[in-house]
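Below is one structure, written out as structure tokens, with a few remarks after it.
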Amino acid sequence: MRVPVCLSLVATLASCGWSNQGTRCGIFSLAGPTMLLEEFTKPGTTLSAAPATMPPVLAVRVVAGQAQRALVGNADSGWVVGVDGPLPDQPVPGFGVLLSDRVLGVQGVLLYEGLPIPGAPTLGSVHIGARVIPMIGLETQTAGFQDGRCPFFPDSLRR
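Taking my numbering, the leading residue of the sequence shown gets 39, the next gets one more, and so forth.
This is the structure in structure tokens:
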């Protein structure tokens, strides 16, 4: 039910003209990650294993919130993504989704409230200060879920 509501909201606002980039980016920052969760129901999109290689630095974004730089390492338990700096107290992330584009490769990690998607394999963990949350993953085409003028993972944070 979430996807049709989000799609109709995005379509309605798009037909109004998008006079303000902040409004457009705000809508996509919430609707895009919400629709991405529906990808877990589609065959072939849930990552069953962690990627063999990952960039040493990724961007991590709290859904509908700020993005931060994160450092990536490998441990016996899988990939470890350490957020480089504090996040706001609210919302409290419950799990991370490693987002890999079918063409562009690993893009970053989205942080969601709540519990991970049931049945999705844990690929590693995200460390936010003293807090450690599980990381699951998706491989899909990300272009349909974000506006190119306000991407989930800014290039400036992936250096």
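Think of the CB as a built atom: it goes at the ideal place given N, C-alpha and C, for glycine as much as any other residue.
- Task: For S138, decide whether its Cβ has a neighbour in chain B, counting only Cβ atoms nearer than 8 angstroms.
- Result: You won't find chain B in this structure, because it holds only one protein chain.
- If you compare alpha carbons, which of M73, I155, G182 is closest to G132? By 1-based counting over the sequence shown, the position of residue 132 is 94. For G132, the nearest C-alpha among the options comes from I155.
- What does a CB cutoff of less than 6 angstroms around P94 pick up in its chain, not counting 5 residues either side in sequence? Stepping through the sequence shown from its first residue, residue 94 is reached at position 56. Result list for P94: V110, in chain order.
- Task: Could you name the residues that DSSP lists as bridge partners for G111?
- Result: Looking up residue 111 in the sequence shown gives position 73. Per DSSP, V118.
- Count the other CB atoms, across all protein chains shown, that sit within 10 Å of the CB of V121; report buried if there are 16 or more and exposed otherwise. Here residue 121 corresponds to residue number 83 of the sequence shown, with the count starting at 1. By the 10 Å Cβ count, V121 comes out buried.
- Query: Using DSSP with H/G/I as helix, E/B as strand and the rest coil, what is M92?
  - Reply: On the sequence shown, residue 92 is found 54 positions in, with the first residue counted as 1. Three-state result, M92: coil.
- Item | Boundaries of the beta strand (DSSP E) in which R169 is found, first to last residue | On the sequence shown, residue 169 is found 131 positions in, with the first residue counted as 1. Where R169 is concerned, the enclosing beta strand (DSSP E) stretches over 169–178.
- Query: Does the count of Cβ pairs from the segment 73–82 and the segment 104–118 closer than 8 angstroms reach three?
  - Reply: no
- Task: State the Cα-Cα distance for the pair L149 and R99, rounded to the nearest angstrom.
- Result: Indexing the sequence shown from 1 puts residue 149 at position 111. Indexing the sequence shown from 1 puts residue 99 at position 61. In a straight line, the C-alpha of L149 is about 6 angstroms away from that of R99.
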